[in-house]
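Heads up: take any position in the sequence shown, counting from 1, add 38, and you land on my numbering.
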Amino acid sequence: MNDWWKRGLTLSVVAGAMAVGASACADNESSIFIRQVLVPSGSDCTYSADPGGAALALGVMDLAFTREYWAGLLVGNQLVARGASDQLRTETARFRAEGAEVEIETTSGDLVQSFTVPVSGFADPSGGTEPGWGVVHAVLIDGTTGQSLAAGFAEGERSPVVGRVVVVVKVFGRTLGGREVESGEFRFPISVCYGCLVSFPPDATDPDLPTPNCANVGTGSSGEVPCYVGQDEPIDCRVCQAQGGPTGLCLP
């Protein structure tokens, strides 16, 4: 086990703020399922409920900039539509997400933290053999765990990816007909580091100053602020400075 883990994770397993019994939910975990972690897109950083869209196989959390990891989960609904307009029967198989049960584990399977968080999201019923799709936005690493992970790094000093956790998440909620349902487990690995996402693109260098530097404040796409600073996307060194990041990380 790496030293960062020993130093950074001395905590007890805490029950979530929402005490919702999983036993009350339907046992058929194929009705609702989590397919993937979506990649936000566009200037407004939105998620598209599209199974063919970009997805993450691995998350990266830079603890120099954030203590939480958020994800847009693509949720599928395989419940069969039951509505019939000619019979004045409303649709009851639509799924409304209410919460997520999260467990954070080491790569060897040891439990680090568990909690339950409220969420929102909606998925229509399946159409034929194709599930209905919806997006649920949930925190996968909470601030308490993030703070404990960060304690394993020297503040202000860049460190490569040296640790990894595995998040096990389930989404639960109700259909519009009042049936309690819950998804099966979805496992998502997240690497943690300190300063590893800071990038130094060529157009950030001011040729009129001693090099290396990160002083060219000209407009370039590389200077755009990520959707979630410190999560998955590179952080331009100029953005790092503008966000008040540690000097030792923002400069080459």
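Cβ atoms here follow ideal geometry from the backbone N, Cα and C, with glycine treated the same way.
All figures in this text were calculated on a predicted structure; none of them were measured in a lab.
Where the beta strand (DSSP E) through residue i begins and ends
i: Thr154; result: 149 to 161
i: Cys231; result: 224 to 232
i: Gln74; result: 70 to 76
i: Val219; result: 218 to 220
Three-state secondary structure assigned by DSSP to residue i
i: Pro264; result: coil
i: Glu141; result: strand
i: Glu106; result: coil
i: Asp100; result: strand
i: Arg127; result: Residue placement at Arg127 cannot be trusted, given a pLDDT of 46 that sits under 50; what the coordinates show is reported in the next sentence. Of the three classes helix, strand and coil, the one that applies to Arg127 here is strand, per DSSP.
i: Arg276; result: helix
i: Ala242; result: helix
i: Thr249; result: coil
i: Gly286; result: helix
i: Gly194; result: coil
i: Ala93; result: strand
i: Glu168; result: strand
i: Glu136; result: strand
Cβ-based burial, residue i [other Cβ within 10 Å; buried from 16]
i: Ile186; result: A quick correction: the sequence has Ser, not Ile, at residue 186. Result: buried.
i: Cys265; result: buried
i: Val255; result: exposed
Residue i CB to nearest heavy atom of the ligand GDP below 7 angstroms
i: Gly222; result: Here there are no bound small molecules, and the ligand GDP is not part of this structure.
Anticipated Cβ contact below 8 angstroms, residue i with residue j, distance rounded
i: Arg202; j: Ile179; result: With a Cβ gap of about 12 angstroms, Arg202 and Ile179 do not count as contacting.
i: Glu136; j: Arg212; result: 7 angstroms
i: Val174; j: Val113; result: 5 angstroms
i: Gly286; j: Arg196; result: 7 angstroms
i: Cys252; j: Pro198; result: 19 angstroms between Cβ atoms; not a contact.
i: Val207; j: Ala176; result: 7 angstroms
First and last residue of the uninterrupted alpha helix (DSSP H) at residue i
i: Arg212; result: Unbroken run through Arg212 is the beta strand (DSSP E), 197 to 213; no alpha helix (DSSP H).
i: Ala188; result: 181 to 188
Cβ neighbours of residue i in the same chain (closer than 7 angstroms, five flanking residues each side left out)
i: Thr249; result: Thr243
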